[in-house]
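What follows is a short report on a single structure.
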Amino acid sequence: LHAYYSLPRHLLRLLTGFNRRHHITPLLASLHWFPVRFRIEFKILLISFKALLGLAPSYITEMLTPYESVRSFRSSGGNLVAVPKSRLKSKGDRAFAIRALLLWNELPEEIMLADCVFF
Numbered sequence: 100l101h102a103y104y105s106l107p108r109h110l111l112r113l114l115t116g117f118n119r120r121h122h123i124t125p126l127l128a129s130l131h132w133f134p135v136r137f138r139i140e141f142k143i144l145l146i147s148f149k150a151l152l153g154l155a156p157s158y159i160t161e162m163l164t165p166y167e168s169v170r171s172f173r174s175s176g177g178n179l180v181a182v183p184k185s186r187l188k189s190k191g192d193r194a195f196a197i198r199a200l201l202l203w204n205e206l207p208e209e210i211m212l213a214d215c216v217f218f
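Final position of the sequence shown in the numbering used here is 218; the numbers increase by one with none missing.
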């Protein structure tokens with residue numbers, strides 16, 4: 100992934116004439132370019148959001164099951180999803196079926212309860 104990170108930066112420097120010795124981060128921020136990790140997580144969360152609204156394919160929607168607690172908590176009114184256990188910690192937690200659910204449950208409640216997406 101290192102080449103994937105560095106190539107756009109080199110191309111941006113070439114196109115804008117930005118000096119090699121200066122930091123490129125402010126230029127990336129002004130263009131609203133995010134690191135690859137954040138773009139991947141955003142896409143996963145967007146697909147999860149669409150699945151919860153019923154706008155995604157059925158094979159993705161079937162992965163999301165609402166979390167139902169045995170006890171009644173104040174936070175039980177949220178839009179949490181049940182995360183199944185993965186057998187492999189290194190690669191199992193990277194699977195979409197696990198990672199999407201973990202990311203979704205980490206979101207603030209205001210975002211979970213939203214009914215549309217604004218950019």
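Glycine included, C-beta positions come from ideal geometry on N, C-alpha and C.
Check the DSSP bridge columns for residue i and list the partner residues they point to.
{"i": "Val180", "result": "Pro165"}
Determine whether the beta carbon atoms of residue i and residue j lie at a separation below 7 angstroms.
{"i": "Leu202", "j": "Leu163", "result": "no"}
{"i": "Phe117", "j": "Leu126", "result": "yes"}
{"i": "Ala150", "j": "Ile159", "result": "yes"}
{"i": "Leu212", "j": "Asn178", "result": "yes"}
Mind checking residue i: buried by the 16 CB within 10 Å criterion, or exposed?
{"i": "Phe195", "result": "exposed"}
{"i": "Val216", "result": "exposed"}
{"i": "Val180", "result": "buried"}
{"i": "Phe148", "result": "buried"}
Identify, in the order they occur along the chain, each residue of the same chain with its Cβ nearer than 8 angstroms to the Cβ of residue i, setting aside the five sequence neighbours on each side.
{"i": "Arg108", "result": "Ile123 and Leu127"}
{"i": "Pro165", "result": "Asn178, Leu179, Val180 and Ala181"}
{"i": "Leu206", "result": "Leu144"}
{"i": "Leu152", "result": "Asp214"}
Could you name the residues of the same chain whose beta carbon sits closer than 7 angstroms to that of residue i, not counting the 5 residues immediately before and after it, in chain order?
{"i": "Arg119", "result": "Arg112"}
The stretch 192 to 200 / the stretch 138 to 157 touching (three or more Cβ pairs under 8 angstroms): yes
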